[in-house]
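In the numbering used here, the protein residues as written are 2 to 415. In this text, a Cβ means the ideal position worked out from N, Cα and C, and glycines have one as well.
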């Protein structure tokens with residue numbers, strides 16, 4: 002296989018591929034336009050999408066640009082299909098620490114995806130269900146169970162006869178279009194399942210709306226997903242918020258022989274080296290009612306009882322007051338300062354001024370109408386919106402507060 006042409010601008014080439022997708026397969030193109038992009042020659046596969054506080058498309062230019070333009074489009078569609086089906090989070094716990102099950106899950110996920118993509122869009126080395134004498138159109142879990150059968154060996158004939166595995170021209174290894182984002186968890190993912198599901202649902206919803214506006218075609222199986230999303234039950238938003246806070250606090254974990262692991266029952270068990278350092282900023286421009294603030298403080302009271310160290314920042318067009326959260330706040334009418342215009346940037350600038358102010362998590366309670374602060378990168382951000390809101394920025398986690406305490410997190414994927 003030829004090496005990529007070093008004179009070709011990889012960023013320009015990737016942009017052309019995304020533009021082509023927007024024209025031919027607009028839904029997938031719109032998903033890609035909402036992702037950050039990164040080139041990484043250490044990525045062991047051509048492309049991957051990491052879902053986290055900033056979702057990102059990662060490309061290995063040495064592998065990705067070796068493929069034809071048509072196949073590059075197909076591989077990106079393949080990656081997006083893995084994401085919108087929530088394949089990696091659905092299998093994460095099942096395969097944890099077991100290389101054999103990981104291999105089996107990777108193949109199962111690929112069989113579920115590739116049977117829905119036009120064959121001429123994918124390289125000839127990818128795997129299909131018929132190579133294992135299996136039908137197309139099944140779920141990844143179904144293929145996973147079938148692959149446990151030792152009789153289901155890779156067959157190049159589709160007749161059940163055992164054949165030599167297809168190999169990559171350069172690697173000499175068994176070819177699986179194994180763009181496995183479980184290896185990216187440490188940098189891009191490893192977030193609670195409910196949060197990852199919420200992020201993916203937003204990607205699907207926004208890409209669908211943009212596709213409708215451009216009179217583009219949405220694939221049939223994606224339309225079914227969207228219909229399922231609209232019919233699925235809600236879950237309590239504050240449960241998702243608590244999981245996010247738990248995730249943020251686990252960044253400083255140590256082990257002690259005095260503690261037993263809850264999951265495995267073994268010693269040493271994990272413990273937190275320090276309390277969760279949480280900064281909560283709330284918009285005092287007038288868009289958030291005193292009643293909403295009082296209810297939100299009751300949620301903070303729960304976190305405070307769990308040992309969280311909480312700093313409150315009131316901000317409209319500028320920071321009005323910075324104070325330490327006290328458990329009595331939710332029992333009284335909060336004293337609100339400001340009620341002017343809205344700017345988010347002052348809070349970010351304040352936290353970044355001194356290293357000691359960097360939190361484990363910044364929570365911003367707002368209606369989303371304000372300026373466009375830069376992604377701080379030094380700490381994760383969770384935006385909690387009032388019912389009548391707009392999305393403030395593209396980075397961070399996004400939850401919607403409702404008076405009923407519910408968040409529209411919906412499921413149902415194949």
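One or two residues paired with residue i in a DSSP bridge
| i | result |
| --- | --- |
| residue 398 | 383 |
| residue 37 | 57 |
| residue 194 | DSSP output for residue 194 lists no bridge partner at all. |
| residue 316 | 284, 320 |
| residue 224 | Per DSSP, none; premise fails for residue 224. |
| residue 364 | 281, 383 |
| residue 48 | 60 |
| residue 325 | 312 |
Own chain, CB closer than 6 angstroms to residue i, minus 5 neighbours either side, in chain order
| i | result |
| --- | --- |
| residue 44 | 59, 61 |
| residue 200 | 52 |
| residue 346 | 372, 374 |
| residue 27 | 212, 215, 217 |
| residue 123 | 75 |
| residue 96 | 102, 103, 106 |
| residue 88 | 110, 141 |
| residue 324 | 313 |
| residue 100 | none |
Rounded distance between the beta-carbons of residue j and residue i, thought under 8 angstroms
| i | j | result |
| --- | --- | --- |
| residue 311 | residue 279 | 5 angstroms |
| residue 396 | residue 55 | 5 angstroms |
| residue 383 | residue 245 | 6 angstroms |
| residue 361 | residue 249 | 4 angstroms |
Residue i to residue j span [Cα, whole Å]
| i | j | result |
| --- | --- | --- |
| residue 130 | residue 113 | 8 angstroms |
| residue 393 | residue 343 | 11 angstroms |
| residue 195 | residue 90 | 10 angstroms |
| residue 74 | residue 92 | 26 angstroms |
| residue 319 | residue 305 | 26 angstroms |
| residue 50 | residue 36 | 9 angstroms |
| residue 286 | residue 143 | 52 angstroms |
| residue 359 | residue 213 | 41 angstroms |
| residue 296 | residue 141 | 41 angstroms |
| residue 16 | residue 303 | 46 angstroms |
| residue 391 | residue 211 | 16 angstroms |
| residue 68 | residue 192 | 32 angstroms |
| residue 385 | residue 215 | 30 angstroms |
| residue 145 | residue 247 | 31 angstroms |
| residue 222 | residue 86 | 10 angstroms |
| residue 42 | residue 98 | 25 angstroms |
| residue 357 | residue 381 | 16 angstroms |
| residue 139 | residue 110 | 10 angstroms |
| residue 94 | residue 337 | 44 angstroms |
| residue 48 | residue 25 | 20 angstroms |
| residue 208 | residue 64 | 27 angstroms |
| residue 71 | residue 19 | 11 angstroms |
| residue 363 | residue 281 | 6 angstroms |
| residue 38 | residue 326 | 38 angstroms |
| residue 399 | residue 57 | 16 angstroms |
| residue 219 | residue 198 | 20 angstroms |
| residue 1 | residue 389 | Past the boundaries of the shown model lies residue 1; the chain is included only from 2 to 415, so the question cannot be answered. |
| residue 291 | residue 13 | 50 angstroms |
| residue 243 | residue 370 | 25 angstroms |
Sequence-distant residues of the same chain with beta carbon closer than 7 angstroms to residue i, five excluded per side
| i | result |
| --- | --- |
| residue 137 | 116, 130 |
| residue 341 | 286, 317, 318 |
| residue 11 | 40, 62, 66 |
| residue 276 | 308, 309, 310 |
| residue 387 | 288, 289, 293, 368, 402 |
| residue 225 | none |
Same chain only: Cβ atoms within 8 angstroms of residue i, ignoring 5 sequence neighbours per side
| i | result |
| --- | --- |
| residue 22 | 29, 30, 33, 74, 77, 78 |
| residue 283 | 289, 294, 297, 313, 314, 315, 316, 365, 366, 367 |
| residue 135 | 112, 144, 147, 153 |
| said: Across the segment 112-124 and the segment 75-95, are there enough close Cβ pairs to call them in contact, namely three or more that are closer than 8 angstroms? | reply: yes
| query | Would you call the segment 367-378 and the segment 337-354 touching, i.e. three or more CB-CB distances under 8 angstroms? | reply | yes
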